[in-house]
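These notes are about the structure you will find just below.
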Amino acid sequence: MKYPEVRNYVGGSFVGTDRPFIEVLNPSDGSVISRVPLSTQDDVDAAVASAEKAFPAWSATPLKERVQVFYRYKTLLEKNIDELAALITEENGKVASEARAEVLKSAELCEFACSLPQIAPGEVLEVSRGVECRIERYPLGVVAAITPFNFPNMVPNWSIPNAIALGNCLILKPSELVPLSAGRIAELLKEAGLPEGVLQIVNGGKEAVEGICDHPGIAAVSFVGSTKIAKVVYRRSTATLKRCLALGGAKNHLIVMPDADKEMTSSNVVASMSGCAGQRCMAASVMVAVSKTDHIIERMVDHARKIIPGKDIGPVISVAARERIEKYIGEAEAAGAKVLVDGRRTIVKGKEKGYFIGPTIIDHVTPDMRIAQEEVFGPVLVIIRAKDVDEALKVENASPYGNAASVFTESGATARYVTEHASAGMVGVNVGVPVPREPFSFGGWNDSKFGVGDITGRGSIEFWTQAKKMTTKWNKESGTNWMS
Ligand code: NAD
């Protein structure tokens, strides 16, 4: 194995375990690069105990001091970007440029956390003569973040900087498919001066997640992953009266109007569907082609054919994922859809054991097909034809998901109409991946998110804190009234 076995991180140290292990694979060549323990409830208990010990001192540290750790951590992310990006590529498969972009995004998340003293101070008002009301934000205590495989560095950093800067102690449960980046995050935070016990890592899968959901000492849980598991985590952690924000899967629709700019639209749509091998919750999944858009589709086919697997596009995460994705394509073809670009059975020379699928574009898909309704999570774009913008919106609105939607058009009126009527939490105009960047917050609608608030930006301040409302009076002469 290229890397030593993965260990849990408790009380500022990596700790060994005798739990069963599973292999960590490099999806580019199928090689075993490490192994990761499947933690149990006892491991969650140990992490919570350590976090509880650290909480009094960390929460009593002023916010302006707490964020100093994240100034230093941001610098360390930038300084170590080559090594961190290489690690992402090894465990997740995405290509070097995508992995670097992921680390830079983590650094941007730290910028927001560092700005918290500027944007999250309390409020104060004299509500009647000599009487003052004031609001202060307090951390929740021990909190947890459960993360998916597709962004091993960035998604943990959706929760770590904000939750910790706001005074909480956090337990991270990274995806068992990509646990190596999380270990490096812990090391860099230690180097940046984060005190022992403020961050713990509990590795594993179902049992560790259930242990977190059930633990009475954990006050809040953020989850990012598939809708199926988001529902499980939301139900289970709120059943034990925790605060929970669970982000789920996606089926993002891009509505392309006939007046859309051919070059910009074709290149942006293909980049959106193929970037990170389609394994982004913001990736284009369905293009709703309105009326005469064949000229744009032809250009998209040109762009997609130029993408070289192994160089421009990495593998998908596992053999099982590749089989699932190829099955969706096969079913659509059998049901009468036309595969314009076919990425199935892609072999990359020198990486014959990698789980590659090339970009795939399928035209004349109908809304009743499984591939039009379910999350495929691979480099596959289906095209559904619509006669006008209302028919296109009907297709988009029928999806149970609601992460992102975008419209490509040169008409301001059409853009406004689509962004107003799309049933998604993040909408775009002429943007293939409409990610709201800080200080704007990230989060979808419908089956793409359960719980109130958003996971990043301003929305996360509310999620990771509780407000204390104080009313104070010092003027003894003020007499007696209804609020005495
Ligand atoms: P996943 O749901 O399989 O796993 C997510 C986490 O849940 C992992 O830590 C995993 O260990 C844990 N888990 C898996 N099965 C479990 C079970 N039965 N019980 C309890 N915990 C379990 O998701 P994934 O495959 O790692 O990630 C891909 C999914 O994440 C896609 O659906 C994608 O759309 C979604 N995603 C969503 C967003 C968003 O912002 N909405 C962002 C990134 C990824």
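In terms of our numbering, the sequence shown opens at residue 1095 and continues consecutively.
Positions of the beta carbon are idealized from the N, C-alpha and C atoms, including for glycine.
All values derive from a computational prediction rather than experimental measurement.
Member of the options whose CA lies at the smallest distance from the CA of residue i
i, options, result
"F1317", "T1565, F1108, G1343", "G1343"
"I1295", "A1239, E1099, S1379, I1312", "A1239"
"L1132", "A1148, L1271, R1194, S1144", "L1271"
"T1155", "I1258, K1173, V1142", "I1258"
"A1145", "W1558, G1235, N1256", "G1235"
"L1181", "G1452, L1288, P1121", "P1121"
"P1114", "G1299, N1524, A1428, V1363", "G1299"
"A1398", "S1385, S1361, K1432", "S1361"
"T1108", "M1577, L1293, E1392", "Position check: residue 1108 holds Phe in this sequence, whereas Thr was assumed. Nearest C-alpha to F1108: L1293."
"D1112", "M1381, V1104, T1134, Q1162", "T1134"
"I1423", "L1170, Q1467, P1403", "Q1467"
"I1477", "T1454, N1491, A1492", "T1454"
"I1402", "G1551, A1365, S1379", "A1365"
"G1452", "I1441, M1463, G1437, H1458", "G1437"
"F1502", "A1383, P1246, R1479", "A1383"
"I1265", "A1313, N1244, C1227", "A1313"
"E1226", "S1269, G1311, K1567", "K1567"
"G1311", "P1268, C1263, P1289", "C1263"
Closer than 8 angstroms: residue i CB and nearest the ligand NAD heavy atom
i, result
"A1324", "yes"
"L1271", "yes"
"K1300", "yes"
"K1199", "no"
"N1256", "no"
"K1356", "no"
"S1320", "yes"
"N1244", "yes"
"K1543", "yes"
"E1304", "yes"
"R1418", "no"
"A1378", "no"
"C1374", "In the sequence as presented, Cys is not what sits at residue 1374; that position holds Arg. R1374: yes, Cβ under 8 angstroms from the ligand NAD."
"K1188", "no"
"V1296", "no"
"T1332", "no"
"L1341", "yes"
"T1241", "yes"
"E1540", "As written in the sequence, residue 1540 is Asn, which differs from the Glu given in the question. Not under cutoff, so the answer is no."
"K1267", "yes"
"N1497", "yes"
"G1106", "no"
"Q1344", "The identity of residue 1344 in the sequence shown is Ala, whereas the question assumes Gln. True, at least one ligand heavy atom lies under 8 angstroms from that Cβ."
"G1537", "yes"
Assigned exposure category for residue i - 16 Cβ within 10 Å defines buried
i, result
"M1564", "exposed"
"Y1232", "exposed"
"N1569", "exposed"
"D1548", "buried"
"P1215", "exposed"
"N1575", "exposed"
"D1484", "exposed"
"R1329", "exposed"
"S1222", "exposed"
"E1532", "buried"
"M1095", "exposed"
"I1465", "buried"
"K1386", "exposed"
"E1469", "buried"
"E1177", "exposed"
"S1572", "exposed"
"R1510", "exposed"
"H1347", "buried"
One or two residues paired with residue i in a DSSP bridge
i, result
"E1217", "I1229"
"M1520", "A1498"
"M1564", "R1228"
"Q1467", "Looking at the DSSP assignment, Q1467 forms no beta bridge with any residue, so it has no partner."
"F1317", "I1240, A1340"
"C1263", "V1236"
"S1128", "V1118"
"N1575", "According to DSSP, which records beta bridges pairwise, N1575 is partnered with nothing at all."
"H1515", "Paired residue(s): none; H1515 is not in a bridge."
"H1618", "The structure shown does not extend to residue 1618, since the chain is modelled only from 1095 through 1578, so no value can be given for it."
Heavy atom of the ligand ZN within 8 angstroms of residue i beta-carbon
i, result
"Q1467", "In the structure shown, the ligand ZN is absent; the only ligands present are the ligand NAD."
9 angstroms Cβ cutoff, residue i in contact with chain D
i, result
"K1158", "The structure shown contains no chain D; it is built from a single protein chain."
| Are the region 1367-1378 and the region 1466-1478 in contact at 8 angstroms, needing three or more beta carbon pairs? | yes
| query | Counting Cβ pairs, one atom from each stretch, are 3 or more of them under 8 angstroms apart for the region 1129-1143 and the region 1240-1254? | reply | no
| query | Quick one: any contact between the region 1268-1287 and the region 1100-1120, if contact means 3 or more CB pairs under 8 angstroms? | reply | yes
| query | Do three or more CB pairs link the region 1494-1505 to the region 1514-1523 at distances below 8 angstroms? | reply | Taking 8 angstroms as the limit for Cβ pairs, the verdict is that the region 1514-1523 does touch the region 1494-1505.
| said: Pairs of beta-carbons, one from the region 1322-1336 and one from the region 1445-1462, closer than 8 angstroms: are there three or more? | reply: no
| message | Is it the case that the region 1377-1392 contacts the region 1408-1415, given that we only count it when at least three CB pairs across the two stretches are under 8 angstroms? | response | Result no; under three Cβ-Cβ pairs closer than 8 angstroms.
| Using 8 angstroms as the threshold, is the region 1153-1173 in touch with the region 1193-1210, meaning 3 or more CB pairs across them? | yes
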